[in-house]
Amino acid sequence: MNFADLGLSDQLLRAVNESGYTEPTAIQASAIPSVLMMRDLIGIAQTGTGKTASFVLPMIDILAEGRSRARMPRSLILEPTRELAAQVAENFEKYGKYHKLSMALLIGGVSMGDQLAALEKGVDVLIATPGRLMDLFNRGKIMLNGCSLLVIDEADRMLDMGFIPDIEEICTKLPANRQTLLFSATMPPVIKKLADKFLTNPKQIEVSRPASANLQIEQRIVECSARGKKDALLDILRADDVTTAIIFSNRKTTVRDLASSLSRAGFKAGQIQGDMDQGDRIKELDRFKAGDITVLVASDVAARGLDVKGVSHVINYDVPWHPDDYVHRIGRTGRAGATGKAFTLATPEDAEAVANIEKLTSTKIPRVAKAEVAPARAPSKAAVSDDEAPVEKKSRVRKRPGAKSNEVAAPEAREPRPAREPREPRAEREPRPEREARSERESRPEREPRPEREPRPERQARQDRDPRPEREARPAPRPAPISDDGPDDGWNGPMPDFLNFKLGS
DNA sequence: AAAAAAC
1 MNFADLGLSD QLLRAVNESG YTEPTAIQAS AIPSVLMMRD LIGIAQTGTG KTASFVLPMI
61 DILAEGRSRA RMPRSLILEP TRELAAQVAE NFEKYGKYHK LSMALLIGGV SMGDQLAALE
121 KGVDVLIATP GRLMDLFNRG KIMLNGCSLL VIDEADRMLD MGFIPDIEEI CTKLPANRQT
181 LLFSATMPPV IKKLADKFLT NPKQIEVSRP ASANLQIEQR IVECSARGKK DALLDILRAD
241 DVTTAIIFSN RKTTVRDLAS SLSRAGFKAG QIQGDMDQGD RIKELDRFKA GDITVLVASD
301 VAARGLDVKG VSHVINYDVP WHPDDYVHRI GRTGRAGATG KAFTLATPED AEAVANIEKL
361 TSTKIPRVAK AEVAPARAPS KAAVSDDEAP VEKKSRVRKR PGAKSNEVAA PEAREPRPAR
421 EPREPRAERE PRPEREARSE RESRPEREPR PEREPRPERQ ARQDRDPRPE REARPAPRPA
481 PISDDGPDDG WNGPMPDFLN FKLGS
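Number 49 in the UniProt record's numbering belongs to position 49 of the first sequence; there are no gaps in the numbering.
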């Protein structure tokens, strides 16, 4: 199967080609022809499957005919978060480079000026989060009766976020004879009802969850006490193959605390969470993409769909409340055929949440104990027993530098180690994650580059198979001699065994 | 339980 077989225009194929892609993913192969035939569509899929390109590509060709009129957008894409909306907009720019389509990105947190100006001129594509869209609509700045193509992306996420009433209202403002595409990772009854109400004879396409079936991601549960989390985190971050990591926490406050603790510990760390204003969110994300920061501490605002290349590790500092979120979070690594590791720090209280995750993904995630992790670190710390110390209830992560057990160890604070090659395989100590036949069957092998994970247009084809295409600005990975004793980087302690499993193979 | 999304 080739992109050329899907009925797309030559200009579009050229843009796709120049992005380095030749072979469509499963969802693209089945969705694109139907969308081009103007059928309604239900796509049970999430990002990482090539979902975005499966509607962006045919939309570009559909919209290539016809003209936009002032305040009457011709198509509308709804996204649950601002970041996702921005990402879809980037896709339109990339694949629409040989088309003259106009676009407006309507998201909150930024000034309305540009958005209003774009609307006034008339746009072919509106990419929006519901809040800002409704706001502008209620101000009379948008007419939706010329909008003949609607995409509802991440519908289940919209549900979680309470957007369904907004979505329904928006649907009623669009012409009835429109084309509607709905994407959702799951199909809870509310979403099913929504689809029945607003879609006509839709074609249904289902592709597997990429993360649960993604053999490129090595997963581990790190069993630790609540107080041992920070140490475990540091050990992971100092492991030799961590190049860039996203650390997820369940709370915005924890995100903030961790980001500042890690910065103080010498990591190039940043954060992204919903209390930050949009400008800062974008800035942090850009710094992360550019490699100015190598550790991004994030709330679940970044869990879904976020496409950053070359993330070597995802660390769940907290076990996510919803098992779905786990799948989304770890899907931030192992992208574009690269390998990745996902660690989840779990306390005994997290047992149920962990069980739910394993049930959802139908895998047993190997456990490693935090006890083995805590290496003799700095002499100054020796006095403090880390393990069964009296429980401190409320004390947040840290107070003053020099505070004890919960402190991120500062004495040996330094740059995290530079990127380098994965270590030689050692004697295999950890059980390998189960790899069932079903994953093979369900998941497309992740070898081919895919449109959703493309290096930016200016850096193309050459890097197709480079797991970290956007990061050449950084110090090049040093082919450092590989010593089983761990490198001499000032981290005085043995490499914790649990970090020492090998990727791939 | 938490986070996200409009001014």
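C-beta atoms are modelled at their ideal positions from N, C-alpha and C, and glycine is treated no differently. Keep in mind it's a predicted model, so treat the numbers as computed, not measured.
Beta-carbon proximity of residue i to residue j, cut-off 8 angstroms
| i | j | result |
| --- | --- | --- |
| Lys94 | Glu218 | no |
| Ile164 | Leu133 | no |
| Gln28 | Ala4 | no |
| Met38 | Gln179 | yes |
| Leu360 | Val327 | yes |
| residue 584 | Ser225 | Limits of the chain in this structure are 1 at one end and 505 at the other, which puts residue 584 out of reach. |
| Ile221 | Arg367 | yes |
| Leu234 | Ile247 | no |
| Val301 | Glu83 | yes |
| Leu181 | Phe55 | yes |
| Gly96 | Ile62 | no |
| Ile236 | Phe343 | yes |
| Ser9 | Ala64 | yes |
Cβ separation of residue i and residue j, assumed to be a contact under 8 angstroms, to the nearest whole Å
| i | j | result |
| --- | --- | --- |
| Arg287 | Gln271 | The Cβ separation is near 11 angstroms, so there is no contact. |
| Ile142 | Arg71 | 6 angstroms |
| Leu126 | Leu106 | 6 angstroms |
| Thr333 | Ser362 | Not quite, the Cβ-Cβ distance comes to about 20 angstroms (not below 8 angstroms), so this is no contact. |
| Ala303 | Asp325 | 5 angstroms |
| Ala338 | Val295 | Wrong, their Cβ atoms sit about 18 angstroms apart, outside the cutoff. |
| Phe183 | Ala45 | 6 angstroms |
| residue 542 | Asp40 | A question about residue 542 goes unanswered here, because the residues of the chain that appear run from 1 up to 505. |
Nearest neighbour of residue i, chosen from the options [CA to CA]
| i | options | result |
| --- | --- | --- |
| Leu159 | Phe137, Thr186 and Leu174 | Thr186 |
| Tyr21 | Ala31, Leu101, Asn250 and Gly50 | Gly50 |
| Asp156 | Leu8, Cys147, Ser362 and Ile167 | Ile167 |
| Thr200 | Leu150, Ala239, Glu206 and Ser9 | Leu150 |
| Asp292 | Lys252, Pro348, Thr243 and Ile107 | Thr243 |
| Ala353 | Thr339, Gly331, Ala369 and Asn316 | Asn316 |
| Gln346 | Gly331, Gly140, Pro320 and Lys364 | The question names Gln, but residue 346 is Ala in the sequence shown. Among Gly331, Gly140, Pro320 and Lys364, the Cα nearest to that of Ala346 belongs to Pro320. |
| Leu116 | Pro348, Pro130, Arg139 and Ala45 | Arg139 |
| Ser30 | Lys364, Ile357 and Val207 | Val207 |
| Gly162 | Glu79, Leu119, Glu120 and Phe198 | Glu79 |
| Ala26 | Ile205, Thr254, Ser260 and Ala290 | Ile205 |
| Gly274 | Arg264, Thr253 and Glu120 | Thr253 |
| Gly131 | Asn177, Thr172 and Thr81 | Thr81 |
| Thr172 | Lys192, Glu120 and Ser148 | Ser148 |
Cα-Cα separation between residue i and residue j, rounded to whole angstroms
| i | j | result |
| --- | --- | --- |
| Arg459 | Val308 | Bear in mind that the predicted position of Arg459 carries a pLDDT of just 33, short of 50, making it unreliable; the figure below should be weighed with that in mind. For Arg459 and Val308, the distance between alpha carbons rounds to 15 angstroms. |
| Asp350 | Gln278 | 32 angstroms |
| Ala15 | His99 | 10 angstroms |
| Leu258 | Val297 | 7 angstroms |
| Gly43 | Lys230 | 40 angstroms |
| Leu144 | Leu57 | 22 angstroms |
| Ser75 | Phe267 | 44 angstroms |
| Ala195 | Ile77 | 16 angstroms |
| Arg465 | Gly146 | Only weak support is given to the placement of Arg465: the predicted model assigns it a pLDDT of 33, under 50, and the value that follows is read from those uncertain coordinates. When rounded, the distance between both Cα atoms is 42 angstroms. |
| Ile32 | Glu284 | 34 angstroms |
| Leu128 | Gly310 | Per the sequence presented here, residue 128 reads as Ala, with Leu not at that position. So the alpha carbons of these two residues sit roughly 28 angstroms apart. |
| Gly7 | Gln216 | 32 angstroms |
| Gly113 | Gln87 | 20 angstroms |
| Ala104 | Ser111 | 13 angstroms |
| Ile282 | Gly228 | 32 angstroms |
| residue 508 | Ser34 | Because the chain here runs from 1 to 505, residue 508 falls outside it and cannot be looked at. |
| Arg335 | Gly108 | 28 angstroms |
| Asn356 | Pro323 | 6 angstroms |
| Tyr262 | Val314 | Just to set this straight, residue 262 is Leu in the shown sequence, not Tyr. The straight-line gap from Cα to Cα measures roughly 15 angstroms. |
| Glu223 | Pro188 | 32 angstroms |
| Leu36 | Leu12 | 13 angstroms |
| Glu358 | Asp135 | 41 angstroms |
| Ala265 | Arg238 | 11 angstroms |
| Ile191 | Asn177 | 21 angstroms |
My parser needs the beta strand (DSSP E) runs of 3 or more residues fully inside the region 229-277; what are they? 245-248 and 269-272
With a floor of 3 residues, list each beta strand (DSSP E) that falls wholly inside the region 115-170, ordered by position along the chain. 125-128 and 149-152
Which full runs of the beta strand (DSSP E) of 3+ residues lie inside the region 308-368, going along the chain? 313-316 and 340-346
Which runs of the beta strand (DSSP E) at least 3 residues long sit entirely within the region 56-108? Give them in chain order. 75-78 and 103-106
Identify every run of the alpha helix (DSSP H) within the region 180-222, keeping only runs that are complete inside it and at least 4 residues long; order them along the chain. 189-198
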